[in-house]
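Residue numbers for the sequence shown follow the working numbering, beginning at 6 and rising by one. Note that CB positions come from ideal geometry on N, CA and C, so glycine has one too. It should be emphasised that the depicted structure is a prediction, and the values quoted were computed from it without experimental measurement.
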Amino acid sequence: MEFYYDFHIHSCLSPCGDNDMTPYNLVNMAKILGLDIIALTDHNTCQNCKSAIEVGKNIGLTVIPGMELCTSEEAHVVCLFPDADSAMDFSDFVVDGMPAIKNKPAIFGDQFIMDSADGIIGTQEKLLTLASNISISYVYNIVESYGGVCYPAHIDRSSFSVMSNLGMITPDMNFSAVEMTDNADRNKMKSEHPILNGAKIFSGSDAHYLENMKEAQHTIELPECSARAVIEYIKQLPKMI
Numbered sequence: 006m007e008f009y010y011d012f013h014i015h016s017c018l019s020p021c022g023d024n025d026m027t028p029y030n031l032v033n034m035a036k037i038l039g040l041d042i043i044a045l046t047d048h049n050t051c052q053n054c055k056s057a058i059e060v061g062k063n064i065g066l067t068v069i070p071g072m073e074l075c076t077s078e079e080a081h082v083v084c085l086f087p088d089a090d091s092a093m094d095f096s097d098f099v100v101d102g103m104p105a106i107k108n109k110p111a112i113f114g115d116q117f118i119m120d121s122a123d124g125i126i127g128t129q130e131k132l133l134t135l136a137s138n139i140s141i142s143y144v145y146n147i148v149e150s151y152g153g154v155c156y157p158a159h160i161d162r163s164s165f166s167v168m169s170n171l172g173m174i175t176p177d178m179n180f181s182a183v184e185m186t187d188n189a190d191r192n193k194m195k196s197e198h199p200i201l202n203g204a205k206i207f208s209g210s211d212a213h214y215l216e217n218m219k220e221a222q223h224t225i226e227l228p229e230c231s232a233r234a235v236i237e238y239i240k241q242l243p244k245m246i
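Next comes the structure, spelled out in structure tokens:
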């Protein structure tokens, strides 16, 4: 079966995310836009994923708990997990290893932890947009050890991407997929980086505001609409060589 997806969406927990991007709002907006399955991927944390999953269950939309990890090389990687518990275990691991630099909301933005009814239940004190201590060379295996799967985010962008920061993807990174923006010249990217010819290419909105979320257009073929089905699908893709 084909399902409409968006595996790259931020909530108000990301300091660069709008405060209107509550789990309740963004999940309901995804439903309005015709999506079947989304991933909540805040910067370096999964603390709003449980609430988003709860909202999704109430309205019939599948939410994958995820994260947009910033590696030690400042390359962004989309990480997806089968359930909230494994996502939170990884989230705690990432946050614990980050620099002890506090967020300054007046400068960087709020980092609100929300319940499923738009209530603020806390804040994340560490600044979430900093680089983690996880290298791009090890991120796949670490995420896999928590039951998840990952792939490089927006590789066609000129900042915070594996291509802009490192210039290449290598086979030892173990990736089988990448994300490109809808504006990417895919043929040019494949010509410049032949390793991409063996990759599955996903597209995500990387929405930080409700108005940035996109109408359903990208599909994925799955036996069922679930987080585990997405993760198994990606894990079974051939590695880039």
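Check	Outcome
Just the C-alpha distance for residue 50 and residue 56, rounded to the nearest angstrom, thanks.	13 Å
If you run the structure through DSSP and keep just helix, strand and coil, what is residue 124?	coil
Based on DSSP bridge pairs, tell me the residues matched to residue 184.	207
So, under 8 Å CB-CB, residue 225 and residue 235 are touching, yes? Tell me the CB distance rounded to an integer number of Å.	7 Å
Going straight from the alpha carbon of residue 206 to that of residue 83, what length do you get?	12 Å
Cα-Cα, which of 59, 10, 200 and 115 is closest to residue 26?	115
What does DSSP give as the partner residues of residue 57 in its beta bridges?	According to DSSP, residue 57 bridges with nothing at all.
Taking buried to mean at least 16 other C-beta atoms within 10 Å of its own C-beta, is residue 177 buried or exposed?	exposed
Please state if the CB of residue 227 and the CB of residue 78 are separated by a distance shorter than 9 Å.	no
So, residue 167 versus residue 139, is the Cβ gap smaller than 9 Å?	no
Which residues in the same chain have their Cβ closer than 8 Å to the Cβ of residue 20, if we skip the five residues on either side of it in sequence?	48, 108, 110, 113, 114, 115, 116, 132, 133 and 134
Could you please give me the residues that DSSP links to residue 247 through a beta bridge?	What is shown of the chain runs 6 to 246, which leaves residue 247 out entirely.
Check for me: the beta strand (DSSP E) holding residue 3 runs from which residue to which?	Residue 3 is absent from the structure shown; the chain starts at 6 and stops at 246.
Should residue 3 be labelled buried (16 or more other beta-carbon atoms within 10 Å of its own) or exposed?	Any answer about residue 3 is impossible in this case: the structure gives the chain only from 6 up to 246.
Residues in its own chain within less than 6 Å of residue 230 by CB, not counting five upstream and five downstream?	8, 41, 42 and 67
Quick check: the Cα distance between residue 150 and residue 196, rounded to an integer number of angstroms?	33 Å
Cα separation between residue 22 and residue 232?	23 Å
Measure the beta-carbon distance from residue 158 to residue 239 and round it to whole angstroms, keeping in mind my assumption that it falls under 8 Å.	Not confirmed; about 14 Å, so no contact.
Extract the residue ranges of the beta strand (DSSP E) inside the region 132-205, only unbroken runs of 3 or more that lie entirely within it.	154-157 and 182-184
Counting contacts by CB-CB distance shorter than 9 Å, is residue 231 in contact with chain D?	Considering every chain present, this structure includes no chain D. It has just one protein chain.
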